[in-house]
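Novice:
Numbering (my numbering), first residue to last: -12 to 385.
Next comes the structure, spelled out in structure tokens:
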């Protein structure tokens, strides 16, 4: 359904929607809306028909948001919720109105397992119903308008399997830039000589002490859109934030949630990195600008992050170094203080090349992973989060 052709909802229909997202069930529509249950049921079926929704409360909630028949809720910080990929898969299938048997067939899982995981989803999201779970999942960006609109436009659910297949965008990362975060302009840069500098170098006209790191690199500046708790919020856009990425990489925190990425494995603890062949350097070293990931978000990244879809390797890294930065190189213009970028593309600039670093505006911190162990990620996940065995049938008594 085209959003421009979405019919306007009545106040009663909006009240019905609020009842569902608040965790109300179909049996309580009448009392909640001050009418008989028969009229409440009729209002529900008419609203489903109006919006082209299956007779399913969770699907109705999702379609209301996807078509903007109801204003979608504000997005919340995705790092505040940690759900295994298996549970995220269910949420999108909730949103297209599938039952347990259909979800089991779609995901190639036992139905008892789907029922168990569905209950865990509700518990983890503190939701009373699947409709309320879809509402919460929408706020965390797990169920999206794009995914639901794709389903509505095709008229079938045949192409929908998992969250990864639907979104195509991967997880929302802590280091990602958000809508409304604005980078400083190139006009803020100049060539200047600091009080302790013998030669000119790239600077800001109004440079502050924290614009450079401890090794002298000048970092790009950008505003931040943060919640009251200091977490990034809002719709993610392309690119990484030039303050959050280096902070996350320097402290080796999870790039999804900024949580701890160090695994305390007996005898050989280390940090969990997911790397590609393109990041491999001579002598087995991996050079990456992608911070590590915590055990809770490892499978989510492995299964849905676009850069990893052509193949990846999981590393337990025991030693690494901050080798340089990704950034743009500038040159001074004549004898003036003005500068110009050498090119629009970003390149790697090693800290060891101090002469080159004088004219670089850094945007991402790079690490060389020098000592590591290649691990089986899924085996590690299974060992960390074991699932209960399937119930066995009991032999009949004598």
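Here a beta-carbon is modelled for each residue, glycine too, at the ideal position from N, C-alpha and C.
Taking Cβ positions, are residue 204 and residue 344 nearer each other than 8 Å?
Specialist: Translated into positions along the chain shown, residue 204 becomes position 217. Translated into positions along the chain shown, residue 344 becomes position 357. Their beta carbons are under 8 Å apart, which means residue 204 touches residue 344 by this criterion.
Novice: With H, G and I counted as helix, E and B as strand and the rest as coil, what does DSSP make of residue 296?
Specialist: The residue given as residue 296 occupies position 309 in the chain shown. If DSSP states are grouped into helix, strand and coil, residue 296 belongs with coil.
Novice: Name the two residues that bound the continuous alpha helix (DSSP H) containing residue 6.
Specialist: Reading the chain shown from its first residue, position 19 is the one you call residue 6. From DSSP, the alpha helix (DSSP H) with residue 6 extends over -2 to 8.
Novice: Note the first and the last residue of the continuous beta strand (DSSP E) segment covering residue 261.
Specialist: Within the chain shown, numbered from 1, the residue matching residue 261 stands at position 274. Here the beta strand (DSSP E) through residue 261 covers 257 to 262.
Novice: Could you name the residues of the same chain whose beta carbon sits closer than 6 Å to that of residue -4, not counting the 5 residues immediately before and after it, in chain order?
Specialist: Within the chain shown, numbered from 1, the residue matching residue -4 stands at position 9. Closer than 6 Å at the Cβ level, and outside the excluded window around residue -4, lie 56.
Novice: Name the two residues that bound the continuous beta strand (DSSP E) containing residue 335.
Specialist: Here residue 335 refers to the residue found at position 348 of the chain shown. Note, residue 335: beta strand (DSSP E), 334 to 337.
Novice: Among all the DSSP beta bridges, which residues are the ones paired with residue 362?
Specialist: The count along the chain shown starts at 1 and reaches residue 362 at position 375. Paired residue(s): 301.
Novice: Taking all protein chains shown into account, do 16 or more other C-beta atoms lie within 10 angstroms of the C-beta of residue 297, making it buried, or fewer, making it exposed?
Specialist: Indexing the chain shown from 1 puts residue 297 at position 310. Its Cβ having fewer than 16 others within 10 Å, residue 297 is exposed.
Novice: Do you know how far the Cα of residue 131 is from the Cα of residue 2?
Specialist: Mapped onto the chain shown, residue 2 falls at position 15. Mapped onto the chain shown, residue 131 falls at position 144. Cα to Cα, the separation comes out at about 22 Å.
Novice: Going by alpha carbons, who is nearest to residue 346 out of 92, 105 and 186?
Specialist: If you number the chain shown from 1, residue 346 lands on position 359. Nearest of 92, 105 and 186 to residue 346, Cα basis: 186.
Novice: If we count the other Cβ atoms within 10 Å of its Cβ and call it buried at 16 or more, is residue 138 buried or exposed?
Specialist: The residue given as residue 138 occupies position 151 in the chain shown. The residue in question, residue 138, is buried, as its Cβ has 16 or more Cβ neighbours within 10 Å.
Novice: Strictly under 8 Å for the Cβ-Cβ distance: is residue 302 near chain B by that measure?
Specialist: Given the protein chain composition of this structure (a single chain), no chain B is represented.
Novice: Could you check whether residue 82 and residue 121 sit closer than 8 Å to each other, using their CB atoms as the reference points?
Specialist: Along the chain shown, read from residue 1 onward, the residue named residue 121 stands at position 134. Along the chain shown, read from residue 1 onward, the residue named residue 82 stands at position 95. Yes, the Cβ-Cβ distance between residue 121 and residue 82 is below 8 Å.
Novice: Just to confirm, are residue 68 and residue 127 a CB contact at a threshold of 8 Å?
Specialist: The sequence position of residue 68 within the chain shown is 81, counting from 1. The sequence position of residue 127 within the chain shown is 140, counting from 1. In this structure, residue 127 lies closer than 8 Å to residue 68 by Cβ.
Novice: For residue 313 versus residue 189, is the C-beta spacing smaller than 8 Å?
Specialist: Residue 313 sits at position 326 when you count from the first residue of the chain shown. Residue 189 sits at position 202 when you count from the first residue of the chain shown. No, Cβ-Cβ distance for residue 313 and residue 189 is not below 8 Å.
Novice: Would residue 10 and residue 41 qualify as a contact pair, given that the criterion is a beta-carbon distance under 8 Å?
Specialist: Taking the first residue of the chain shown as position 1, residue 10 is located at position 23. Taking the first residue of the chain shown as position 1, residue 41 is located at position 54. No.
Novice: Could you tell me if residue 257 is buried or exposed, where buried requires 16 or more neighbouring beta carbons within 10 angstroms of its beta carbon?
Specialist: Looking up residue 257 in the chain shown gives position 270. The residue is buried, with at least 16 neighbouring Cβ atoms inside 10 Å.
Novice: Does the stretch 260 to 278 come close enough to the stretch 211 to 224 to have 3 or more Cβ pairs within less than 8 Å?
Specialist: Contact fails: fewer than three Cβ-Cβ distances are below 8 Å.
Novice: Would you list the residues sitting across from residue 355 in a DSSP beta bridge?
Specialist: Counting from 1 along the chain shown, the entry for residue 355 is found at position 368. 274 and 308, per the DSSP bridge assignment.
Novice: Straight-line CA distance for residue 206 to residue 200?
Specialist: Position 219 of the chain shown, counting from 1, holds the residue named residue 206. Position 213 of the chain shown, counting from 1, holds the residue named residue 200. In a straight line, the C-alpha of residue 206 is about 8 Å away from that of residue 200.
Novice: With DSSP as the reference, label residue 326 as helix, strand or coil.
Specialist: Counted from its first residue, the chain shown places residue 326 at position 339. Residue 326 falls in the strand class under three-state DSSP.
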